[in-house]
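Undergrad:
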Ligand SMILES: C[S@@+](CC[C@H](N)C(=O)[O-])C[C@H]1O[C@@H](n2cnc3c(N)ncnc32)[C@H](O)[C@@H]1O
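Numbering (our numbering), first residue to last: 888 to 1240.
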């Protein structure tokens, strides 16, 4: 075989970088769990001993960890002083769990993929699905922690405002469903911002609903928020002014059926807000790190979740606006349009009226 060895070397270098990132993901998660990043945030240059003392950890381990972080460009090492600094610009990404770009929880999701590797390998052969509930619990908390900062930053400040006439209704007092609500991160953000409205969170995963109820209690909410176990096609409440699908329609076996049910449960002038992973319509336009990550999550979690349910349409997490609009149109919605986007999400507004 006559192959270009320069290209082989170049590609091997790329894969080494990926493998180094995979090894280092564990280091990042450990740094988060032990509070190492938080202890370094805004603290300037620190010796390994100072960091170990501040975090009640052992200096030798901390020193080795800092060298890994330096090699990855996460922290900066000063040869003269032997001290390490976490740049201020890295704090929102690694140390501030309220920041919209706090990305560390993605590693909990990644760890759940490793822990479920055997199951995922098996379904490639069998073609069967894997229900959301069959995954390692790190997936559930990781998804919640990963999505929550984005909901806090964008949901009420921009996404709701971008929907025609919806914010006024929510301020005055509206009825809202959050279908496939998981741990209720988005439902709680909405309920806190719009106390005159009533919020119903539905999810087919009973453990997630249990946690959502705990989160609502912790947030001091119990009047205007209700969580219950229900699939996207069998909740009974109706006359909703707004029905949200937050990063979940593509996980459903029958997204057309779910959208149809939503159409029937909306008030006359009601709106569906569809928040989905950012994606272009063609794989060739999805050649970027965010899509790469989403395609992996889609292969391991979203596609098997859909295939575990009736119909098993398996849209995948990178379905794109055109495909999602077709789903909504088939379900009887007259218009579906993009009203907002972030590097991680697209937000679509669907109206039946
Ligand atoms: C990626 S999680 C998103 C959770 C939540 N919306 C969030 O943004 O944090 C997908 C959720 O959809 C739920 N789900 C999947 N299929 C469902 C169905 N047919 N009916 C109701 N919930 C479903 C799963 O149980 C899971 O909680």
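From the three backbone atoms N, C-alpha and C, an ideal C-beta is built for every residue, glycine too.
Just how far apart, CA to CA, sit residue 995 and residue 1024?
TA: Their backbone Cα atoms lie some 10 Å apart in a straight line.
Undergrad: For the candidate residues 1177, 891, 1110 and 1189, whose alpha-carbon lies nearest to that of residue 988?
TA: The residue with the shortest Cα to Cα distance from residue 988 is 1177.
Undergrad: Is DSSP giving residue 1131 helix, strand or coil here?
TA: Looking at residue 1131 - three-state DSSP - the assignment turns out to be strand.
Undergrad: How many whole angstroms separate the CB atoms of residue 925 and residue 982, which I take to be in contact at a CB cut-off of 8 Å?
TA: Indeed, because the Cβ distance is near 5 Å, the residues count as touching under 8 Å.
Undergrad: With residue 918 as the anchor, note down where its alpha helix (DSSP H) starts and where it stops.
TA: From DSSP, the alpha helix (DSSP H) with residue 918 extends over 892–920.
Undergrad: Return yes when at least one heavy atom of ligand 1 lies under 7 Å from the C-beta of residue 1229, else no.
TA: Because no heavy atom of ligand 1 lies under 7 Å away, the Cβ of residue 1229 does not count as near it: no.
Undergrad: Span of the alpha helix (DSSP H) holding residue 1238?
TA: Note, residue 1238: premise wrong, no alpha helix (DSSP H); beta strand (DSSP E) at 1232–1238.
Undergrad: Leaving out five residues before and five after residue 1191 in sequence, what residues of the same chain have Cβ atoms less than 6 Å from its Cβ?
TA: The answer, listed in chain order, is 1010, 1016 and 1017.
Undergrad: Closest to residue 1295 by C-alpha separation, out of 1133, 947 and 937, would be which residue?
TA: Here the chain comprises residues numbered 888 to 1240, so residue 1295 is not present and cannot be evaluated.
Undergrad: Can you find at least 3 beta carbon pairs, one from the region 1095–1103 and one from the region 1072–1086, that sit closer than 8 Å?
TA: A contact exists between the region 1095–1103 and the region 1072–1086.
Undergrad: When DSSP builds the beta bridges, which residues end up paired with residue 1164?
TA: Answer is 1232, bridged to residue 1164.
Undergrad: Name, in chain order, the residues that DSSP records as bridge partners for residue 1224.
TA: Per DSSP, 1236.
Undergrad: Relative to the alpha-carbon of residue 1124, which residue among 931, 1173 and 1153 has its alpha-carbon at the smallest distance?
TA: Residue 1153 is the option with its Cα nearest to residue 1124.
Undergrad: Could you give the DSSP three-state label for residue 1005: helix, strand or coil?
TA: Helix.
Undergrad: Rounded to a whole number of angstroms, what is the C-alpha to C-alpha distance between residue 1020 and residue 1050?
TA: Taking the straight line from one Cα to the other gives about 32 Å.
Undergrad: Please report how far the alpha carbon of residue 974 lies from the alpha carbon of residue 956, in whole angstroms.
TA: The alpha-carbon atoms of residue 974 and residue 956 are separated by roughly 12 Å.
Undergrad: Out of 1063, 1080, 1086 and 1114, point me to the one whose CA is closest to residue 1096's CA.
TA: Measuring from the Cα of residue 1096, the nearest candidate turns out to be 1114.
Undergrad: What's the C-alpha gap between residue 928 and residue 985?
TA: If I take the Cα positions, the gap works out to 14 Å.
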